[in-house]
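2 protein chains.
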Amino acid sequence: MPRIAYFGPRGTFTEQAAAAFDAHAELVPLPTIPLAVAAVRAGEADLACVPVENSVEGAVSATMDTLAGDAPVVAVAERVLPVRFSVLVRPGATFADVQTVASHPHALAQVQQWLGKHMANVTQLASTSTAAAAVGVLAGEFDAAVTAPVAAAHYPLAELATEVADESDAVTRFLVLSRPGALPEPTGADRTSVFVVVSHRPGELAAMLTELAMRGINVSRIESRPLRNRFGEYRFYLDFDGHIAEQRVGDALAALHRRSQRVRFLGSYPKADGVASTVTDGTGDTDYRESAAWLAALRRGEDA
Amino acid sequence: MPRIAYFGPRGTFTEQAAAAFDAHAELVPLPTIPLAVAAVRAGEADLACVPVENSVEGAVSATMDTLAGDAPVVAVAERVLPVRFSVLVRPGATFADVQTVASHPHALAQVQQWLGKHMANVTQLASTSTAAAAVGVLAGEFDAAVTAPVAAAHYPLAELATEVADESDAVTRFLVLSRPGALPEPTGADRTSVFVVVSHRPGELAAMLTELAMRGINVSRIESRPLRNRFGEYRFYLDFDGHIAEQRVGDALAALHRRSQRVRFLGSYPKADGVASTVTDGTGDTDYRESAAWLAALRRGEDA
């Protein structure tokens with residue numbers, strides 16, 4: 059039974075993502091993202107589950123900075139959760155009983171339309187997490203909490219509403235991290251994540267992305283993070299389609315390594331949406347094998 | 059006296075940034091970033107001050123999404139604050155009196171080394187903002203608060219420590235936003251911000267950045283934001299050197315407009331660091347004027 063450290067507390071979207079990865083795992087909530095990742099680095103946990111994109115509870119830049127520093131960890135899986143909230147109240151309470159509603163400020167921001175329609179005259183209060191709002195309702199501090207659906211399983215509260223969301227298609231993405239070791243097998247629908255440190259000159263970034271584009275590799279996410287302590291360098295976080303075991307991906311990574319100050323590999327893992335990568339003409343593993351054989355023959359003087 | 063709405067509450071880094079922009083402005087704290095920007099859109103405030111990068115109180119992706127939606131607003135200035143905290147206690151208290159210390163979780167994460175050294179056995183508690191921690195100290199809920207320096211001006215608390223930071227060079231960046239109107243004058247050390255929506259195909263992003271690179275324009279920040287409701291499109295937030303009044307910048311923006319689904323101009327404004335943009339050979343306004351005159355003469359049949 060693996061031990062998964064996650065960015066807590068209990069009853070949050072991150073716990074829900076960790077449980078979605080392995081329903082039988084031992085889940086260990088830790089108070090910050092750096093501490094969850096540190097538990098894996100130190101061998102105190104087998105895996106860590108942390109938000110990486112569009113998080114309800116915030117702190118996504120904390121994930122990026124944590125992955126960039128210290129001993130390497132790699133993603134072995136991702137999980138994507140729809141951002142749909144439950145509204146929890148004390149058992150027996152109705153809409154008429156709700157005078158105060160609490161949640162993490164990011165969560166409140168994502169249900170403003172719903173609150174305007176269903177709780178127009180209710181006072182909104184901020185809590186440190188969606189789960190902390192549920193605890194506050196239990197303690198009688200607030201009348202209602204906007205929470206992750208999983209919170210209903212942890213606290214003896216009633217669901218006044220479920221599937222609450224202003225934008226029905228918003229999602230939060232989580233990574234499951236481990237110490238470096240055997241990579242997940244390629245599935246044909248994989249994603250690779252890296253950090254790249256490049257010189258801060260016009261054209262360096264365009265050149266780097268062209269290395270991916272010319273091999274038909276689709277970039278699904280890019281984000282620059284300043285390196286304040288090293289003037290003139292910039293760090294980029296990149297997600298792109300494909301697995302490091304594929305020739306075109308390996309070839310592109312080697313090119314980034316030659317071109318940049320530093321590349322940190324953050325893992326190749328199956329995409330949550332399962333949509334297979336497209337491989338454009340001339341960039342498949344067979345194309346690479348044939349061109350390598352052709353080049354080798356030329357170099358041996360056997361062909362021309 | 060301008061009225062500046064800002065992401066509150068009072069006593070946070072964002073208030074400090076707003077005051078740094080205009081010490082005589084009327085500062086109006088609002089509970090969320092969307093509400094602060096909405097106040098400018100509705101004409102209830104002249105300007106809004108919101109965090110845009112590496113924020114201590116989080117919610118930076120909220121800024122990006124708010125700028126992308128609804129009626130346009132443009133940045134007219136940026137302010138950059140060092141991430142250095144004050145530790146506030148009730149007057150007369152010393153290190154020996156501190157058993158609990160509170161702050162926003164992002165702020166706590168940035169002072170872990172300092173706390174480990176100076177408050178090793180002190181319990182750390184999360185608050186909804188750095189200012190809320192100060193209020194909690196005043197109310198006797200906690201013994202110490204890790205806050206923005208400006209909090210000391212709002213609350214009758216004593217500074218146990220100032221200039222507290224694990225990384226001495228970390229900064230948070232803020233934008234000052236207004237309704238569209240006359241642009242700030244070019245200074246030679248300007249930044250331009252845009253959102254661009256591009257088709258989600260390999261090479262589109264590389265091509266877009268090459269439009270900037272070939273005109274010698276340095277990209278200082280890039281971040282992709284998913285457009286979940288429009289499959290196959292991606293939105294990028296870009297900061298680059300230069301002012302829209304410059305020929306090379308205007309030329310690049312027009313190229314992005316031709317190439318992409320949509321470009322939203324988010325302003326050209328003086329850079330906080332005042333470092334002049336470099337203009338590489340053949341990309342200055344004079345070069346543009348000369349080449350336009352040469353082309354016009356050819357088209358008139360006057361030259362060859």
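Protein sequence lines correspond, in order, to chains A and B. Each residue of the first sequence is one higher than the last, beginning at 59 in my numbering. Each residue of the second sequence is one higher than the last, beginning at 59 in my numbering. Heads up, the beta-carbon is just placed ideally off N, CA and C, and yes, glycines get one too.
Taking 9 Å as the CB-CB cut-off, is ARG317 (chain B) touching chain C? The chain labelled as chain C is not found among the protein chains of the depicted structure, namely A and B.
According to DSSP, which residues form a beta bridge with ALA216 (chain A)? On the first sequence, position 158 is the one that residue 216 (chain A) refers to. When beta bridges are read from the DSSP output, ALA216 (chain A) appears opposite A:VAL147.
With 16 other CB atoms within 10 Å as the buried threshold, where does ASP123 (chain A) fall? The residue given as residue 123 (chain A) occupies position 65 in the first sequence. ASP123 (chain A) comes out buried.
Is there contact between the segment 147–165 of chain B and the segment 265–274 of chain B, where contact requires at least three CB pairs shorter than 8 Å? No: the two stretches stay apart, fewer than three of their Cβ pairs being nearer than 8 Å.
By a C-beta neighbour count over all protein chains shown, 10 Å radius and 16 as the cutoff for buried, is SER282 (chain A) buried or exposed? Position 224 of the first sequence, counting from 1, holds the residue named residue 282 (chain A). It is buried - the Cβ of SER282 (chain A) has at least 16 other Cβ atoms within 10 Å.
Given a cut-off of 9 Å on the beta-carbon distance, is the pair VAL138 (chain A) and THR230 (chain A) in contact? What you label residue 138 (chain A) is simply residue 80 of the first sequence in a count that begins at 1. What you label residue 230 (chain A) is simply residue 172 of the first sequence in a count that begins at 1. Taking 9 Å as the Cβ cut-off, VAL138 (chain A) and THR230 (chain A) qualify as a contacting pair.
Is the separation between the beta-carbon of PRO87 (chain A) and that of ALA103 (chain A) shorter than 9 Å? Reading the first sequence from its first residue, position 29 is the one you call residue 87 (chain A). Reading the first sequence from its first residue, position 45 is the one you call residue 103 (chain A). Contact: no.
From the beta carbon of GLN182 (chain B), is the nearest beta carbon of chain A less than 9 Å away? For the purposes of this step, residue 182 (chain B) is identified with residue 124 of the second sequence, where counting begins at 1. At least one beta carbon of chain A lies nearer than 9 Å to the beta carbon of GLN182 (chain B).
Contact criterion: CB-CB distance below 9 Å. Does ILE62 (chain A) meet it with respect to chain B? As a working note, residue 62 (chain A) is residue 4 in the first sequence. Among the CB atoms of chain B, none fall inside 9 Å of the CB of ILE62 (chain A).
Since TYR40 (chain A) sits in a beta bridge, which residues does DSSP pair it with? The question about residue 40 (chain A) has no answer, for chain A in this structure spans 59 to 362.
Rounding to the nearest angstrom, what Cα-Cα distance links ALA219 (chain B) and THR205 (chain B) in this structure? Position 161 of the second sequence holds residue 219 (chain B). Position 147 of the second sequence holds residue 205 (chain B). Computed Cα separation, rounded: 10 Å.
Near LEU341 (chain B), which residues of its chain fall below 7 Å by C-beta distance, leaving aside the five closest residues on each side in sequence? In the second sequence, the residue the question calls residue 341 (chain B) occupies position 283. Sequence check: residue 341 (chain B) is Thr here, not Leu. Residues ARG273, GLY274 and ARG306 of the same chain have their beta carbon placed closer than 7 Å to that of THR341 (chain B), with the five preceding and five following residues left out of the count.
Using a 10 Å radius around the Cβ and a threshold of 16 neighbouring Cβ atoms, would you call PRO238 (chain A) buried or exposed? Along the first sequence, read from residue 1 onward, the residue named residue 238 (chain A) stands at position 180. A residue is called buried when at least 16 other Cβ atoms come within 10 angstroms of its Cβ; PRO238 (chain A) does not meet this threshold and is exposed.
Buried or exposed for PRO67 (chain B), please, with buried defined as at least 16 other CB atoms from any protein chain shown within 10 angstroms of its CB. As a position in the second sequence, residue 67 (chain B) is number 9, starting the count at 1. With at least 16 other beta carbons inside 10 angstroms of its own, PRO67 (chain B) counts as buried.
Against HIS301 (chain B), what residues of chain A qualify as contacts under a CB-to-CB distance less than 9 Å, listed in chain order? Taking the first residue of the second sequence as position 1, residue 301 (chain B) is located at position 243. The contacting residues do not exist; HIS301 (chain B) stays about 16 Å from chain A at best.
According to the Cβ coordinates, are LEU270 (chain A) and LEU105 (chain A) closer than 9 Å? The residue given as residue 270 (chain A) occupies position 212 in the first sequence. The residue given as residue 105 (chain A) occupies position 47 in the first sequence. With respect to LEU105 (chain A), LEU270 (chain A) sits apart: the two C-beta atoms are not nearer than 9 Å.
Are the segment 141–149 of chain A and the segment 211–228 of chain A touching by the rule of at least three beta carbon pairs closer than 8 Å? Taking a contact to require three or more Cβ pairs closer than 8 Å, the segment 141–149 of chain A and the segment 211–228 of chain A qualify as touching.
Going along chain B, which residues have a C-beta under 7 Å from ALA167 (chain A)? Within the first sequence, numbered from 1, the residue matching residue 167 (chain A) stands at position 109. Contacts between ALA167 (chain A) and chain B, judged by CB atoms closer than 7 Å, involve THR90, PRO92 and ALA120 in chain order.
The segment 181–193 of chain B contacting the segment 69–88 of chain B, beta-carbon criterion three pairs below 8 Å: With three or more CB-CB distances shorter than 8 Å, the segment 181–193 of chain B counts as touching the segment 69–88 of chain B.
At the level of alpha carbons, what is the spacing between LEU311 (chain B) and ILE302 (chain B)? Working through the second sequence from its first residue, we reach residue 311 (chain B) at position 253. Working through the second sequence from its first residue, we reach residue 302 (chain B) at position 244. LEU311 (chain B) and ILE302 (chain B) have their C-alpha atoms some 8 Å from each other.
Could you pull out every residue in the same chain whose Cβ sits closer than 6 Å to the Cβ of SER335 (chain A), ignoring the five residues on either side in sequence? As a position in the first sequence, residue 335 (chain A) is number 277, starting the count at 1. Beyond the five residues adjoining it in sequence on each side, SER335 (chain A) comes within less than 6 Å, by CB distance, of ASP299 and GLY300 in the same chain, given in chain order.
Looking at the secondary structure, which residues open and close the beta strand (DSSP E) in which ALA203 (chain B) lies? Position 145 of the second sequence, counting from 1, holds the residue named residue 203 (chain B). ALA203 (chain B) -> beta strand (DSSP E) spans 202–205.
Hey, would you say the C-beta of ALA133 (chain B) is under 8 Å away from at least one heavy atom of the ligand MG? As presented, the structure is devoid of all ligands, the ligand MG included, so that no description of it is given.
Who are the neighbours of GLY246 (chain A) on chain B, taking C-beta pairs under 7 Å? Within the first sequence, residue 246 (chain A) is the residue found at index 188, counting from 1. Taking the beta carbon of GLY246 (chain A) as reference, no residue of chain B falls within 7 Å; the closest one sits roughly 17 Å away.
Give the straight-line distance between the Cα atoms of ALA77 (chain A) and PHE143 (chain A), rounded to the nearest whole angstrom. Working through the first sequence from its first residue, we reach residue 77 (chain A) at position 19. Working through the first sequence from its first residue, we reach residue 143 (chain A) at position 85. If you take the alpha carbons of ALA77 (chain A) and PHE143 (chain A), they lie about 17 Å apart.
Can you pull the chain A residues whose beta carbon is under 7 Å from the beta carbon of VAL49 (chain B), in chain order? What the structure shows of chain B is the stretch from 59 to 362, and residue 49 (chain B) is not part of that stretch, so it cannot be assessed.
Cut-off 8 Å between Cβ atoms - residues of its own chain near GLN74 (chain A), not counting five sequence neighbours on either side: Residue numbering aside, residue 74 (chain A) sits at position 16 when the first sequence is read from its first letter. Excluding its 5 nearest sequence neighbours in each direction, GLN74 (chain A) has C-beta neighbours in its own chain below 8 Å: LEU139, ALA206, PRO207 and VAL208, listed in chain order.
Going along the chain, which residues of its own chain have a beta-carbon closer than 6 Å to the beta-carbon of PRO242 (chain B), five neighbours each way excluded? As a working note, residue 242 (chain B) is residue 184 in the second sequence. Short of 6 Å from the beta carbon of PRO242 (chain B), and not among the five residues preceding or following it, lie these beta carbons of its own chain, in chain order: VAL134 and TYR327.
Closer than 7 Å at the beta carbon, the chain A residues around GLY274 (chain B): Here residue 274 (chain B) refers to the residue found at position 216 of the second sequence. Ordered by position in chain A, the residues that pass the 7 Å Cβ test against GLY274 (chain B) are PRO260.
Report the rounded CA-to-CA distance for PHE323 (chain B) versus TRP172 (chain B), giving the unit in angstroms. Mapped onto the second sequence, residue 323 (chain B) falls at position 265. Mapped onto the second sequence, residue 172 (chain B) falls at position 114. A direct Cα-Cα distance of roughly 41 Å separates PHE323 (chain B) from TRP172 (chain B).
Could you name the residues of chain A that ASN179 (chain B) contacts, counting a contact when the two beta carbons are closer than 9 Å? Taking the second sequence and counting its residues from 1, the one referred to as residue 179 (chain B) is at position 121. Around ASN179 (chain B), no beta-carbon contact reaches into chain A at under 9 Å, the shortest distance being about 16 Å.
Any idea what DSSP makes of VAL114 (chain A), helix, strand or coil? Start at 1 with the first residue of the first sequence, and residue 114 (chain A) comes out as number 56. Residue state for VAL114 (chain A) is assigned as coil, using DSSP reduced to three classes.
For the alpha helix (DSSP H) that contains ASP309 (chain B), what are its first and last residues? In the second sequence, residue 309 (chain B) corresponds to position 251, counting from 1. Note, ASP309 (chain B): alpha helix (DSSP H), 305–317.
Helix, strand or coil, according to DSSP, for GLN158 (chain B) in the structure here? Sequence index remark: in the second sequence, residue 158 (chain B) carries index 100 (1-based). It should be noted that the sequence gives Thr, not Gln, for residue 158 (chain B). Three-state DSSP puts THR158 (chain B) in a strand.
Do you know how far the Cα of VAL114 (chain A) is from the Cα of HIS162 (chain A)? Along the first sequence, one-based indexing puts residue 162 (chain A) at 104. Along the first sequence, one-based indexing puts residue 114 (chain A) at 56. Whole-angstrom Cα-Cα distance: 8 Å.
What are the start and end residues of the alpha helix (DSSP H) that includes ALA265 (chain A)? Residue 265 (chain A) sits at position 207 when you count from the first residue of the first sequence. Run containing ALA265 (chain A): 262–271, per the alpha helix (DSSP H) assignment.
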